[in-house]
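**Q** I am attaching a structure below and will ask some questions about it afterwards.
Protein chains in written order, with this note's numbering: chain A, 1 to 198; chain B, 1001 to 1151.
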């Protein structure tokens, strides 16, 4: 899955221009288009569905208020993701330790995923238990990461955003993105050593 | 590790969440318009309070006068700094030699010049001599037509 797979830039430009011209329906189209992707970004950072919902509403609200200032120096995709990342990290700093995970149930299709089968083949014999156990352990491992490391893991490993695009969104170099991924993976390996495949 | 972490993408919000999200967005926007935030309310109240206070105009004038007097006092209090002395340059409203029309009378009245550099002499008062640089102006002097004895 690539970053711009379902976000043609030209279409975004037109929708942005219409929004800036005073057409609120155009912004609705942008919301519909970006909600699933941004939901994933915020959710995997917060591990809480309710927080994600509130934060996502605030993110789109801020984006709408700031649309007049959007000059198109970067793509709308990058701009929107930058807002989401900054607001999420600010939120996490405020929330600090008082977090209560509120996880969504994994899609049933996970049972057919060969990576899931491989990861849980050495686990409990009951698959349903394994799903929740895996989810819990993955979440705990993710929450152990620093915000900077978690954001690159979320975007690269879960959402499939390329290094170059992550670098643009986070305003860091590609080398820094790779370095953060390296250290994050090493930390995750220590937390999830039981799922490591030979 | 990448493949295991990737499994998290199967965690999806409840059915129909994305459809409801836009409705929720519109609802919140309307609510924001009807119920302004606490900060905007506070700002509005404060601006109203200040406008009701009606501070007399003379108070502003008095404050301005005090500020002016204080600044004058501060300026006067500052120690006098040595500034480089400005030298007055005398101006003679005569045309420079290059612009004097060449006539027979002028040529006859011309005086030869000397290129000797004037150095301050010991007769000049102490202290004052060092302030003025040596003069390099060409001054009218009688020319010495004798050939130099040595070089």
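Built from N, CA and C at the ideal position, the CB exists for glycine as well.
#1: For residue 61/A, return the contacting residues in chain B, with the cut-off set at a CB-CB distance below 8 angstroms.
#2: When we look at the beta-carbon of residue 1103/B and count the other beta-carbons within 10 Å, is it buried (16 or more) or exposed?
#3: Could you tell me whether the segment 103–116 of chain A touches the segment 1009–1023 of chain B, where touching means 3 or more Cβ pairs closer than 8 angstroms?
#4: Can you confirm whether residue 116/A, when its beta carbon is compared against all beta carbons of chain B, has any partner nearer than 8 angstroms?
#5: At a CB distance below 9 angstroms, what residues from the segment 25–38 of chain A approach chain B? Give them in sequence order.
#6: How would you call residue 142/A, buried or exposed, if buried means at least 16 neighbouring beta carbons within 10 angstroms?
#7: For the segment 171–182 of chain A against the segment 11–28 of chain A, are there 3 or more C-beta pairs whose distance is under 8 angstroms?
#8: What residues of chain B sit near residue 132/A, judged by a beta carbon separation below 8 angstroms?
#9: At what residue ranges does the segment 55–141 of chain A contain a whole run of the alpha helix (DSSP H), taking only runs of 4 or more?
#10: Taking one C-beta from the segment 1014–1023 of chain B and one from the segment 17–32 of chain A each time, how about it: are there three or more such pairs within less than 8 angstroms?
#11: Taking residue 1015/B as the query, report the chain A residues whose CB atoms sit under 7 angstroms from its CB, ordered along the chain.
#12: Can you say whether residue 1058/B is buried or exposed, counting buried as having 16 or more other CB atoms within 10 angstroms of its CB?
#13: Going along chain B, which residues have a C-beta under 8 angstroms from residue 40/A?
#14: Between which two residues does the alpha helix (DSSP H) holding residue 185/A run?
#15: Suppose you measure from the CA of residue 1034/B to the CA of residue 137/A; what does that come to, to the nearest Å?
#16: Between the segment 182–190 of chain A and the segment 62–75 of chain A, do three or more beta carbon pairs fall short of 8 angstroms?
#17: From which residue to which residue does the alpha helix (DSSP H) around residue 35/A run?
#18: Across the segment 1059–1071 of chain B and the segment 83–98 of chain A, are there enough close Cβ pairs to call them in contact, namely three or more that are closer than 8 angstroms?
#19: Counting C-beta neighbours from all protein chains within 10 Å, is the total for residue 1027/B 16 or more, i.e. buried, or is it exposed?
#20: What span of residues does the alpha helix (DSSP H) with residue 153/A cover, start to end?
#21: Report buried or exposed for residue 1123/B, applying the criterion of at least 16 other Cβ atoms within 10 angstroms of its Cβ.
#22: Establish whether the CB of residue 1021/B and some CB of chain A are separated by less than 8 angstroms.
#23: When DSSP labels each residue in this structure, what does residue 1019/B get in the three-state scheme?
#24: Might you give, ordered along the chain, the residues of its own chain that have their beta carbon closer than 6 angstroms to the beta carbon of residue 149/A, omitting 5 neighbours on each side?
#25: CA-CA distance, residue 1006/B and residue 192/A?
#26: Looking at the strands, I want to know which residues DSSP matches up with residue 1011/B.
#27: Return helix, strand or coil for residue 53/A, following the three-state DSSP convention.
#28: From what residue to what residue does the alpha helix (DSSP H) around residue 168/A run?
**A** For this structure:
#1: 1025, 1028, 1029, 1032
#2: exposed
#3: yes
#4: yes
#5: 28, 31, 32, 35, 36
#6: buried
#7: no
#8: Simply none; closest approach about 11 angstroms.
#9: 76–95, 114–120
#10: yes
#11: Going along chain A, no residue has its Cβ under 7 angstroms from residue 1015/B, so there is no contact; the nearest lies around 10 angstroms.
#12: exposed
#13: 1009
#14: 174–191
#15: 44 angstroms
#16: no
#17: 24–46
#18: no
#19: exposed
#20: 147–153
#21: Residue placement at residue 1123/B is flagged as unreliable, the pLDDT there being 49, under the threshold of 50; the coordinate-derived value follows with that caveat. Flag for residue 1123/B reads exposed.
#22: yes
#23: helix
#24: 180, 184
#25: 13 angstroms
#26: 106/A
#27: helix
#28: 163–170
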